[in-house]
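Here the structure comes first, spelled out in structure tokens, and everything after it is commentary.
In UniProt numbering, the protein residues as written are 1 to 151.
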């Protein structure tokens, strides 16, 4: 259990912390300082470096979450409501990330490569909204996880 929970928390911190930094800090600075061609290129390359960490986090979160669910709680029936909520929010976040990875990120890459800045701007706006939703879900999950059985 100590290994599973430690890995689980590290993966969550990497993912949620990265989204918080991107949404609250980098987004505002890039919007204030960079023109669309450079801003879109920057974001595409940031995602190319950050998203492999998200993939690793997703794998670790799923593996350790299921390990704890079945190893510690004996399955869903033995888990508290907070564990059920964490599972639902985590799966929703993963689905949103998969959508970002396979749809708007691919289109953003094409737009940047083709220097189609208006199309790239539309894709970045979609990604930004979806990351915003995931950030809210991630922060809620942190509250659920930390407050857990006390809520």
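For every residue, glycine included, the Cβ atom is placed at its ideal position computed from N, Cα and C.
How big is the Cα-Cα spacing for residue 90 and residue 120? 28 Å
Given 8 Å, three or more beta-carbon pairs between the region 128-135 and the region 82-100: yes
Using the C-alpha atoms, what's the distance from residue 34 back to residue 140? 32 Å
Going along the chain, which residues of its own chain have a beta-carbon closer than 8 Å to the beta-carbon of residue 31, five neighbours each way excluded? 39
From 111, 103 and 72, pick the residue whose C-alpha is nearest to that of residue 5; which is it? 72
Let me check understanding here. Comparing Cα to Cα, which of 125, 118, 14 and 112 lies closest to residue 60? 14
Would you check if the region 48-62 and the region 96-114 touch, i.e. whether three or more CB-CB distances between them fall below 8 Å? yes
Spatial neighbours of residue 27 in its chain, beta-carbon cut-off 8 Å, leaving aside the 5 residues before and after: 128
Coil, strand or helix - residue 64 by DSSP: helix
Residue ranges of each alpha helix (DSSP H) within the UniProt domain "Copper resistance protein D" (45-146), 4 or longer: 81-102 and 104-113
Taking the straight line between their C-alpha atoms, what separation do you get for residue 115 and residue 126? 18 Å
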